[in-house]
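Okay, structure first, notes after.
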Amino acid sequence: MSVDNSTDPKAHPYMASSNIKNYRHMMDLVGVSDIDDLFEQIPASHRSTKVLQIGPTLSSEVSLYRHISDTLRKNDTCEENLNFLGAGCWQHYVPAICDEIVSRAEFLTPVWGTPSSDHGRNQAWFEFASQLGELVGMEFVGLPVYSFGTAGGHAIRMAARLTGRSKVLLPGTMDPERMAVIKTYCGFEELSGYIELISLDLDPDTGRIDLDDLEKKLDGTVAAVYFDNPNYLGVIESDARVISDLAHKFGAEVIVGIDPISLGVLAAPSEYGADIVVGTTQPLGVHMNCGGGVGGFIATRDEERYAREYPTLQVSLSPTTVPGEMAFGLTLFEQSSYGSREQGKDWTGNSVYLWAIANAVYMSLLGPQGFKEIGTTILERSHYASMRIAELPGVRVLWPSGFFKEFVVNFDEIKLSVEEVNNRLRKEGIFGGKDLSIDFPELGKSALYCVTEVHTMEDLDRLVETLRRVTK
Amino acid sequence: MKKTALRKYHAAVWDEPLIMQLGSPGRRGSIPPLTEDEILAKVGNGGALVPVSMQRKERLELPELSEFEVERHYLHLSQQTLGMMGISLFGTCTMKYNPRVNERLVYQPYVAEVHPHQHTDTLQGALEIVHKFDEILRELSGMDKFIFQAGGGADAAYTQACITRAYHASRGELAQRNEIITTAQAHPCNPATAAAAGFKVITLPLEADGYASIEALKAAVSPHTAALMVNNPDDIGIYNPDIREWVDIVHEAGGLCFYDHANFNGVMTRIRAAELGFDACMFMLHKTFGAPKGGGGPAVGAYGCTQKLVPFLPGPIISRDQDGRYSLEDKAPLSIGRVREFWGNVPVVVRAYSWTRAMGLVGLRDAANISVLANNYMEKRLLKIPGVSKGLPDVTKRRLEMTRYSLGELTNETGVSTLDVQNRMTDFGVDAYWLSHEPWFIPEPFTPEAGELWSVEDIDYWIDVLTHVCEEARNNPEIVKSAPHNQVVHKIDGSTLNDPDKWATTWRAYKRKYKIHAGEE
């Protein structure tokens, strides 16, 4: 570092006290003439002498905007192109009001205040939990966690603590991203708290969990059965009730991972036996953000047994010192890692609390009718795309019915690999479905296509005609 | 010191109902696109496409409002949040300005409407920014590689715990190395993530000089030692001058050393974690690097490590070829896999990169200087307030960017607690201060962190408010104990929060427990 310590700072728009007047005023009051004197705690041998390089300073907003915008413009977006990638991060329309509200400085910039000074923010969080609770049919909802996968990981650990067991069954064809996160959460055999994950077979005829396999693997040592609904391959687990009943017979907890945007048309997981519901929050008013939009949640019945295992923070309605007035306070703070360090339940920290506000706004905008309609539209459009794709020569849809917004397209009968198909589509401005052929070789040359409310019939026809051309 | 008049502040009070209590049946806030007739002709009605067993039967009980009503409701809620519209010197969180230009940038489709599974040919801009920011953090820390998958500082600590597992497992020593050492002053996320990863936690106590002793560390290390996880400086502004020796002791015992750089702001450009011998470190982009906190994320704990640990990093990893093309590699055999889905919180990295480029190296050095200077400036004034004392007063060297103070004397004298003072300060438009992480070593603590953002006038105002409240505590303690009086709502009565029969984290739970029926809402 070649900056002379005795020199005054350079006035900068982000620092009020970088003007010489303020700076010297503080130096005078503190009684130092050399700023380095303030760093007397740091031994000289600890201080770096390296000349650092981080690029030219862009303190002008004009230059900064230009530099970053020019760089980011090298991306191709899902607005300019037609996108059919989903697989854990989905392209849904984000209403303008969602962006407006989460851009409000009072929500965007701060950390925590008191229940009285943060009242509005806490209320927004409560409305997030309340509306999500309505969708999933549960009464106890934590503040969000980092992602779907981390929610799944925490829920599995909750189930292990609840049952005192350390084995969990879950589908072998889970989202590999989500599965990798869950594996991380389940530990190593050599250490305490290890949870063994056992894969359930896929029934190749239905695209759903093989119930015989489930029955074979279930016993009194299983802490939980975890499944996603719809599952990673898009298929709705229509035997969810059977799965839950089987799991409960052996005293296992049932954990269901859901996509909340489906719940205007799909039954709430509480209706078919879920004990712990987890899922994504990204489809509810959050942009994909190159994957940075992901978020997750945990919800259960409001039973003390479950509540006492939450790793998250949660807000509860609460009275104030003035009769009749309501506020929001943190419930069960003591069991969090903030309250109890390593004795706490797992751990918590910064999460995606701002997205919870976007989610609350989104759910309020849609309302009961909006959720029903968006679910219906997604079903109709995705099935249309699937039916038309299945008509193409050499192209199959593996499970053409009983799915929600994603479906598996198989290219085994043509010469091209999925990668080649996608490369050709990309040249035509289309991002084809997620290539499954490496993660799931048993599915052959397959891709997971995602169709949502953003796709018009014209878009879908263009996909079909382009696929027809490139696969010829 | 000239005393300024305190502002006549009052928070906005809209008496805003819950959104579940607003609206009217049939009202619409958003209308999804209707399916084209030709599609319906081919697929039939969507509802029937769901297997009967899985069809929703009951109508959702969600609010029904017009678009404007939803907007106005949440604008009211934002106004009912002090949210750093006052002066927030929230210690440990390094409150910064979040430049609006960055919001403009990340809301453009080239960030917002990009999918992480897109072919890397179509992601060159995002990959370039992430890669360039990796290079900047390498420069600032001396580490060899940074990743941005962790969704916050605690998640980065968890990343370390997982990498510690994988590292020792790869050497066949994991069963033996099952202990992680930390200190009582380390952030709770360090012991908590270590325990969640399956390790036993050894917490070294704080000594009179403000950090744990070398003797305690020597007594703690053993063939069971897997890693050391520490903050330095900690969140009371005290720097452990023996940290190099600490690292040597742990390395000799075969453990890894992780530097939780939560409190990097005061030492930016002066200290490089790798030069002190650490194997890995973590920076919080939503704190030190100017990205917004969002009231608790979306955030990024940037995790960096030396070559020794690079093989264990969660994937995918960005690399740059000779032609300047960026790609994502995800085949490292020793990788811990994922701590979160996808390859990082790109909008947060873009903001942090932008902030850092706007500051430049000189700006970073100035910010560190100003934040330490402002903290020492505050100390001069704060210690003149009767009832305020400095935590660990025997540590005489100047504190770095934070100092923990105690109101214990004031409490003994008046019965007014630090929580009361915190509440009362908000009556003058001052955001709540930070108290202390658990456990409290210092009675009735408060921990302001001035950072580089605030003007001298703001800092002086903050101190004037505290001075006034401490005077009130003596002259009229009830007004402080019953505070706040100018806030959105009054002081919370927390007696129901941990009672299973009374807590309610959702409206449906509240309605059931408090017997509120439809129509009475």
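Those protein sequences? They're chains W and F, same order as listed.
Using this note's numbering, the first residue of the first sequence is number 11, and each one after it goes up by one.
Using this note's numbering, the first residue of the second sequence is number 34, and each one after it goes up by one.
For glycine and all other residues, C-beta sits at the position ideal for the given N, C-alpha and C.
- request: Assuming N131/F contacts T119/W (C-beta within less than 8 Å), just tell me the rounded distance between them.
  value: Along the second sequence, one-based indexing puts residue 131/F at 98. Along the first sequence, one-based indexing puts residue 119/W at 109. Confirmed, about 5 Å.
- Thinking C-beta only, is I120/F closer than 8 Å to I350/F? Locating residue 350/F in the second sequence gives position 317, counting from the first residue. Locating residue 120/F in the second sequence gives position 87, counting from the first residue. No, the Cβ-Cβ distance between I350/F and I120/F is not below 8 Å.
Mapping the DSSP letters down to three states, classify R371/F as helix, strand or coil.
As a position in the second sequence, residue 371/F is number 338, starting the count at 1. R371/F: coil per DSSP, three-state reduction.
Nearest to D222/W by CA position, among V232/W, L210/W, R114/W and G283/W, is which residue? Along the first sequence, one-based indexing puts residue 222/W at 212. Checked all of V232/W, L210/W, R114/W and G283/W; the closest Cα to D222/W is L210/W.
Q: Go ahead and pull the three-state DSSP assignment for D154/F.
A: Taking the second sequence and counting its residues from 1, one reaches residue 154/F at position 121. Helix at D154/F.
Interface partners of D526/F on chain W, CB under 7 Å:
For this step, residue 526/F is matched to residue 493 along the second sequence. Within chain W, the residues near D526/F are S328, P329, T330 and T331.
| message | For a contact defined as C-beta to C-beta under 8 Å, what are the partners of M392/F on chain W? | response | Numbered from its first residue, the second sequence carries residue 392/F at position 359. By Cβ distance, chain W contributes H22, Y24, T67 and S69.
Taking the straight line between their C-alpha atoms, what separation do you get for I64/W and G327/F?
Here residue 64/W is taken as the residue at index 54 of the first sequence, counted from 1. Here residue 327/F is taken as the residue at index 294 of the second sequence, counted from 1. Cα to Cα, I64/W sits roughly 27 Å from G327/F.
Neighbour-count burial assignment, E423/W, 16 or more Cβ in a 10 Å radius:
The residue given as residue 423/W occupies position 413 in the first sequence. Exposed, because fewer than 16 other Cβ atoms sit within 10 Å of the Cβ of E423/W.
Point to revise | Short Cβ contact (8 Å threshold) for Y438/F with F166/F | key: Indexing the second sequence from 1 puts residue 438/F at position 405. Indexing the second sequence from 1 puts residue 166/F at position 133. Not in contact: Y438/F and F166/F (Cβ atoms no closer than 8 Å).
Helix or strand or just coil, what does DSSP make of M118/F? Position 85 of the second sequence, counted from the first residue, corresponds to residue 118/F. In the structure shown, M118/F sits in coil (DSSP, three-state: anything other than H, G, I, E or B).
*Who pairs with D238/W in a beta bridge, going by DSSP?*
The sequence position of residue 238/W within the first sequence is 228, counting from 1. According to DSSP, which records beta bridges pairwise, D238/W is partnered with G267/W.
Exercise for the section: Tell me, please, whether the CB atom of E278/F is closer than 8 Å to any CB atom in chain W? Expected result: Position 245 of the second sequence, counted from the first residue, corresponds to residue 278/F. No, E278/F does not count as interfacial toward chain W.
Where do the ends of the beta strand (DSSP E) carrying I213/F lie? Taking the first residue of the second sequence as 1, we reach residue 213/F at position 180. First-last of the beta strand (DSSP E) with I213/F: E212 to T216.
**Prompt:** How is S12/W classed by DSSP in three states: helix, strand or coil?
**Reply:** Reading the first sequence from its first residue, position 2 is the one you call residue 12/W. Legend: pLDDT at S12/W = 41, less than 50; position of this residue unreliable, no value from coordinates given.
Q) When you compare each of V418/W, A368/W, G159/W and D356/W to G217/W by their alpha carbons, which one comes out closest? A) Taking the first residue of the first sequence as 1, we reach residue 217/W at position 207. Taking only the C-alpha atoms, the option nearest G217/W is V418/W.
Name, going along the chain, the residues of the region 422-443 of chain W whose beta-carbon falls closer than 8 Å to a beta-carbon of chain F.
-> N432, N433, R436 and F441
Between P149/F and G301/W, how many whole angstroms is the CB-CB distance? I'm expecting something under 8 Å. Here the question's residue 149/F lines up with position 116 in the second sequence. Here the question's residue 301/W lines up with position 291 in the first sequence. Yes, P149/F and G301/W are in contact; Cβ-Cβ is about 3 Å, under 8 Å.
Hey, quick one: how far does the alpha helix (DSSP H) through Q528/W stretch, first residue to last?
-> In the structure as shown, chain W begins at 11 and stops at 482. Residue 528/W is therefore absent and cannot be evaluated.
Beta-carbon contacts of Y103/W that lie in its chain and below 7 Å, excluding the five residues immediately before and after:
What you label residue 103/W is simply residue 93 of the first sequence in a count that begins at 1. So the list reads E463 and V464, once near-sequence residues are dropped.
Q. What are the start and end residues of the beta strand (DSSP E) that includes N293/F?
A. Here the question's residue 293/F lines up with position 260 in the second sequence. Rather than Asn, the amino acid found at residue 293/F in this sequence is Asp. From DSSP, the beta strand (DSSP E) with D293/F extends over L289 to D293.
Suppose contacts are defined by Cβ-Cβ distances below 8 Å. Is V266/W in contact with L179/W by that definition? The count along the first sequence starts at 1 and reaches residue 266/W at position 256. The count along the first sequence starts at 1 and reaches residue 179/W at position 169. No, they are not a contact pair.
Self-check item: C-beta neighbour in chain F for N241/W, strict 8 Å
Solution: On the first sequence, residue 241/W is found 231 positions in, with the first residue counted as 1. False, the Cβ-Cβ gap to chain F never drops below 8 Å.
ask   = Which first and last residues belong to the alpha helix (DSSP H) in which L327/W is found?
value = Here residue 327/W refers to the residue found at position 317 of the first sequence. No alpha helix (DSSP H) holds L327/W; the beta strand (DSSP E) holding it covers Q324 to P329.
Check whether the region 311-325 of chain F touches the region 272-292 of chain F, taking contact to mean three or more Cβ pairs, one atom from each stretch, closer than 8 Å.
yes
Original post:
Hey, does M435/F have any beta-carbon neighbour from chain W nearer than 8 Å?
Top reply: Start at 1 with the first residue of the second sequence, and residue 435/F comes out as number 402. Not an interface residue.
Is the separation between the beta-carbon of L39/F and that of F461/F shorter than 8 Å? Mapped onto the second sequence, residue 39/F falls at position 6. Mapped onto the second sequence, residue 461/F falls at position 428. Taking 8 Å as the Cβ cut-off, L39/F and F461/F qualify as a contacting pair.
Collapsed DSSP secondary structure at C460/W in the structure displayed: Residue mapping note: residue 460/W aligns to position 450 of the first sequence, counting from 1. C460/W: strand per DSSP, three-state reduction.
| request: Anything in chain F within Cβ reach of E335/W, meaning under 7 Å, just list it in chain order. | output: Taking the first residue of the first sequence as position 1, residue 335/W is located at position 325. V522 and H523, listed in chain order.
Exercise. If you draw a straight line from the C-alpha of D188/F to the C-alpha of D356/W, how long is it?
Worked result: Your numbering for residue 188/F matches position 155 in the second sequence. Your numbering for residue 356/W matches position 346 in the first sequence. Rounded to whole angstroms, D188/F to D356/W spans 11 Å at the Cα level.
| Residues of chain F with CB under 7 Å from M467/W, in chain order? | For the purposes of this step, residue 467/W is identified with residue 457 of the first sequence, where counting begins at 1. By Cβ distance, chain F contributes E69, E71 and I72.
When you compare the CB of Y459/W with every CB in chain F, is at least one pair closer than 8 Å? Here residue 459/W refers to the residue found at position 449 of the first sequence. Cβ-Cβ to chain F under 8 Å: no for Y459/W.
Since V280/F contacts A219/F with CB under 8 Å, what's their CB separation in whole angstroms?
Here residue 280/F refers to the residue found at position 247 when the second sequence is read from its first residue. Here residue 219/F refers to the residue found at position 186 when the second sequence is read from its first residue. Between A219/F and V280/F the Cβ distance is about 15 Å, and since that is not below 8 Å, they are no contact.
Which word fits A208/F, buried or exposed, when buried means at least 16 other C-beta atoms lie within 10 angstroms of its C-beta?
The residue given as residue 208/F occupies position 175 in the second sequence. It counts as exposed.
Original post:
chain F beta carbons: is any one of them nearer than 8 Å to that of V13/W?
Top reply: On the first sequence, position 3 is the one that residue 13/W refers to. With a pLDDT of 43 at V13/W, under the threshold of 50, the predicted position of this residue should be treated as unreliable, and no value is reported.
### Message
Quick check on DSSP: helix, strand or coil for I289/W?
### Response
The residue labelled residue 289/W in the question sits at position 279 within the first sequence. The residue asked about is misnamed: residue 289/W is Gly in this sequence, not Ile. Looking at G289/W - three-state DSSP - the assignment turns out to be strand.
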